[in-house]
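Written below as structure tokens is the structure these notes are about.
In the numbering used here, the protein residues as written are 2 to 292.
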């Protein structure tokens, strides 16, 4: 009898433990998640900033609630088979709220849940004016998240924004405490020097994620170098969003200028490609089967 294939959660755990700098893009809806999967990436990051920008048209300043991100997670889970890392911001309250949030997002299909130590309402890690809660409160929230898991394979990622508030060394100390509290993956946000990027993997005991924000405060370092340093994941949370925004501006700018827009312009996906990506042939086959 053949063994069961690994679950998405088991796949993700193996991926981060390999510490080979797996490139993980963010998705802001089911269609962008399908693009990520179609291109052969190994996991998807459900980006709170991206969902806020694309669904609400608002900046990443704490406007998304638990049930909104859970609904988006469930839709994406239904559309793709890849492991999902879900951005749960601050956990939407205190340690008890974190416990409830983990239960809710686990049920929605998250394979890893990211929690951060900002004071609510949180803001993008690359914005100015961030504040963080105390180390003890943050540790308690990570402990609650670890305890809330129904499935032992569910991963908890702990993010700290303390570098911008208290300095790099303080952020490393917090991350160490988060690992001791049960975090499976660590995320020191908004590292501002290449020297610190290169130092981090040797300073902390569990796998880490490095966030490459295009245009943000962290210097861009190639994924091959980050893999050699031992990072588990190299995150490009909003590459798809920023690419889509430029694509929309270019296509609609041409439409406004030229009063028409053709497939041959190279500015839009072909109609047939759009239908392929959303699985129309499979739905056509089902229609024939049941019709």
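From the three backbone atoms N, C-alpha and C, an ideal C-beta is built for every residue, glycine too.
Q: Pull up the distance between the alpha-carbon of residue 204 and that of residue 291, whole angstroms please.
A: Working through the chain shown from its first residue, we reach residue 204 at position 203. Working through the chain shown from its first residue, we reach residue 291 at position 290. Rounded to whole angstroms, residue 204 to residue 291 spans 58 Å at the Cα level.
Q: Can you give me the Cβ contacts of residue 84 inside the same chain, cut-off strictly under 6 Å, excluding the 5 residues immediately before and after it?
A: In the chain shown, the residue the question calls residue 84 occupies position 83. Its chain contains 9, 12, 13, 44, 112 as the residues whose beta carbon lies nearer than 6 Å to that of residue 84, once the 5 sequence neighbours on both sides are disregarded; these appear in chain order.
Q.
For residue 170 and residue 199, I'd like the C-alpha separation in whole angstroms.
A. The residue given as residue 170 occupies position 169 in the chain shown. The residue given as residue 199 occupies position 198 in the chain shown. Between residue 170 and residue 199, the C-alpha separation is close to 14 Å.
Q. What three-state label does DSSP hand residue 22 in the structure shown?
A. Here the question's residue 22 lines up with position 21 in the chain shown. Looking at residue 22 - three-state DSSP - the assignment turns out to be coil, as it is neither helix nor strand.
(Q) I need the DSSP call for residue 65, collapsed to helix, strand or coil. (A) What you label residue 65 is simply residue 64 of the chain shown in a count that begins at 1. Three-state DSSP puts residue 65 in coil, outside helix and strand.
Q. Taking the alpha-carbon positions, what's the residue 223 to residue 237 distance?
A. Taking the first residue of the chain shown as 1, we reach residue 223 at position 222. Taking the first residue of the chain shown as 1, we reach residue 237 at position 236. Distance between the alpha carbons of residue 223 and residue 237 is about 11 Å.
(Q) On the criterion of 16 or more Cβ atoms from any shown chain inside 10 Å, does residue 88 qualify as buried, or is it exposed? (A) On the chain shown, position 87 is the one that residue 88 refers to. Residue 88 is buried by the Cβ-count criterion.
**Q.** Backbone CA spacing between residue 283 and residue 270 [nearest angstrom]
**A.** Position 282 of the chain shown holds residue 283. Position 269 of the chain shown holds residue 270. Straight-line spacing of the CA atoms in residue 283 and residue 270 works out to 20 Å.
Q. Which first and last residues belong to the beta strand (DSSP E) in which residue 210 is found?
A. Here residue 210 refers to the residue found at position 209 when the chain shown is read from its first residue. Residue 210 -> beta strand (DSSP E) spans 209–212.
Q: For residue 68, count neighbouring C-beta atoms within 10 Å of its own C-beta (all shown protein chains included) and say buried if the count is 16 or more, exposed if not.
A: Walking along the chain shown from the start, residue 68 turns up at place 67. Residue environment: residue 68 is assigned as exposed (fewer than 16 neighbouring CB atoms within 10 Å of its CB, all protein chains considered).
Q: Measure from the alpha carbon of residue 228 to the alpha carbon of each residue in 140, 211, 91, then state which is nearest.
A: Here residue 228 is taken as the residue at index 227 of the chain shown, counted from 1. In terms of CA proximity to residue 228, 211 leads the group 140, 211, 91.
Q: Could you tell me the boundaries of the beta strand (DSSP E) in which residue 117 lies?
A: Here the question's residue 117 lines up with position 116 in the chain shown. In the DSSP assignment, residue 117 falls within the beta strand (DSSP E) that extends over 113–117.
(Q) I need the boundaries of the alpha helix (DSSP H) containing residue 169, first residue and last residue. (A) Residue mapping note: residue 169 aligns to position 168 of the chain shown, counting from 1. Following the DSSP letters along the chain, one finds residue 169 inside the alpha helix (DSSP H) bounded by residues 169–182.
Q) Nearest CA to the CA of residue 233: which residue from 163, 281, 18? A) If you number the chain shown from 1, residue 233 lands on position 232. Each of 163, 281, 18 was checked against the Cα of residue 233, and the nearest Cα belongs to 18.
(Q) Please identify the residue among 33, 56, 90, 220 whose C-alpha is closest to the C-alpha of residue 158. (A) Here residue 158 refers to the residue found at position 157 of the chain shown. The shortest Cα separation from residue 158 among 33, 56, 90, 220 belongs to 90.
Q: With a cut-off of 8 Å on the beta carbons, I'd call residue 86 and residue 25 a contact; round off their distance for me.
A: In the chain shown, the residue the question calls residue 86 occupies position 85. In the chain shown, the residue the question calls residue 25 occupies position 24. Beta-carbon to beta-carbon, residue 86 and residue 25 are separated by about 7 Å, close enough to satisfy the 8 Å threshold.
Q: Starting from residue 161, follow its DSSP beta bridges and name the residues at the other end.
A: For the purposes of this step, residue 161 is taken as the residue at position 160 of the chain shown. Here residue 161 is bridged, per DSSP, to 189.
Q. If you follow the beta strand (DSSP E) that residue 47 is part of, which residue opens it and which one closes it?
A. For this step, residue 47 is matched to residue 46 along the chain shown. Per DSSP, residue 47 belongs to the beta strand (DSSP E) from 45–47.
Q. When you compare only the Cα positions, how much space is there between residue 143 and residue 40?
A. Locating residue 143 in the chain shown gives position 142, counting from the first residue. Locating residue 40 in the chain shown gives position 39, counting from the first residue. Spanning the two alpha carbons is a distance of roughly 33 Å.
Q: Give the C-beta separation of residue 219 and residue 247 to the nearest angstrom, bearing in mind that I take them to be a contact with Cβ-Cβ under 8 Å.
A: Position 218 of the chain shown, counted from the start, is the residue given in the question as residue 219. Position 246 of the chain shown, counted from the start, is the residue given in the question as residue 247. A Cβ-Cβ separation of about 21 Å leaves residue 219 out of contact with residue 247 under the 8 Å criterion.
Q) Helix, strand or coil: which one does DSSP assign to residue 237? A) Here the question's residue 237 lines up with position 236 in the chain shown. Strand at residue 237.
Q: Leaving out five residues on either side along the sequence, give the residues of the same chain with a beta carbon under 6 Å from the beta carbon of residue 217.
A: Locating residue 217 in the chain shown gives position 216, where the first residue counts as 1. If the five residues before and after residue 217 are omitted, its C-beta is found closer than 6 Å to the C-beta atoms of 127, all from its own chain and listed in chain order.
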